[in-house]
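What follows is a set of notes on a single structure, which appears directly below.
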Amino acid sequence: MTKPQKPATPCLSQVSHQTTKIRLMNTWLVAKIKRFCVLMLALLSLCFALLILVDQAISFYVRKQIYQDISSLPYRPYGVVLGTAKYVAKNTPNLFYHYRLQAAEQLFKQHKVDYLLLSGDNRTLQYNEPRTMYRDLRQMGIPAEFLYMDFAGFRTLDSIIRADQVFKAHSITIITQKFHCERALFIAKYHHIDAICFAADYPDSYSLVRVREFFARLLALWDLFTKKEPHFLGEVEPLPPPISR
1 MTKPQKPATP CLSQVSHQTT KIRLMNTWLV AKIKRFCVLM LALLSLCFAL LILVDQAISF
61 YVRKQIYQDI SSLPYRPYGV VLGTAKYVAK NTPNLFYHYR LQAAEQLFKQ HKVDYLLLSG
121 DNRTLQYNEP RTMYRDLRQM GIPAEFLYMD FAGFRTLDSI IRADQVFKAH SITIITQKFH
181 CERALFIAKY HHIDAICFAA DYPDSYSLVR VREFFARLLA LWDLFTKKEP HFLGEVEPLP
241 PPISR
């Protein structure tokens, strides 16, 4: 009677060969992962550098058209107030909105502009930036005949181009915060629109909004590169002529 044979055990050389093979594969995989991480880090660094470059280039390009001292602000017939939400949350006022309207009131009452074009979004019956600005400026003592509303100012690009092409406001003072002024003026200069900007005050904390502006400027550059048009132009609605002073 023959004894059952024991299963063959791998020899030491085979085990060593397999171990070496696994180590080589692990080394190759680790090298690949490191290379991928370095590539991704370089790509992220490049994107970050591009954001900074675009941001600073736009700021430098339009710096001479921005005014923060109302006494040095030149006269322009038309002020374009760029819209934003009145509240950032339920019953929490948006200080960006408050300061823009405060600046618009000052410019009008000091005769730096004749008319105010209130440009913003009216996406729903409950959300209407131009009408909200109109009501608040009326309560601040500005007569209705000097206030006009642009209900199709969905984006900054729309507001600036429509002011020129639809409302025939060919010489304008844009009213918004400084970082927004810079992007709006960049769009205006690209389209050969005579524009300056009065920079309204900032809230104490606006870092998140400023970070968003980096990406908004990159998008603005892309819009100009691709010849993007306003969402809606429509019929021409000229504003009244400048007031003789």
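All letters in the sequence shown, in the order written, are residues 1 to 245 by full-length UniProt numbering. The C-beta atom is built at its ideal place from N, Cα and C for all residues, glycine as well.
What separation, rounded to the nearest whole angstrom, lies between the Cα atoms of residue i and residue j?
i	j	result
arginine 212	leucine 218	10 Å
tryptophan 28	leucine 43	22 Å
aspartate 164	leucine 39	45 Å
phenylalanine 214	leucine 51	6 Å
aspartate 194	asparagine 128	28 Å
serine 119	glycine 153	5 Å
alanine 31	serine 45	21 Å
asparagine 122	alanine 85	11 Å
I'd like to confirm the pairing. Which residues does DSSP put opposite residue i in its beta bridges?
i	result
glycine 79	Leu116 and Thr173
threonine 92	Ala89
tyrosine 67	Phe198
aspartate 150	Ser119
Tell whether a beta-carbon distance below 8 Å holds between residue i and residue j.
i	j	result
arginine 35	isoleucine 196	no
alanine 188	isoleucine 160	yes
valine 113	alanine 169	no
cysteine 181	isoleucine 172	no
alanine 104	leucine 82	no
residue 249	tyrosine 78	Outside the shown range of the chain, which is 1 to 245, sits residue 249, and nothing can be said about it.
What are the boundary residues of the alpha helix (DSSP H) that residue i is part of?
i	result
aspartate 121	That residue, aspartate 121, is in no alpha helix (DSSP H); it is neither H nor E in DSSP.
aspartate 223	207-225
residue 254	Nothing about residue 254 can be reported from this structure: the residues present for the chain run from 1 to 245 only.
phenylalanine 179	178-190
How far does the beta strand (DSSP E) with residue i in it extend, from its first residue to its last?
i	result
aspartate 136	No beta strand (DSSP E) holds aspartate 136; the alpha helix (DSSP H) holding it covers 129-139.
Only counting the same chain, and skipping five residues up and downstream in sequence, which positions put a Cβ closer than 7 Å to that of residue i?
i	result
alanine 184	Leu82, Thr156, Ile160, Ile174, Thr176 and Cys197
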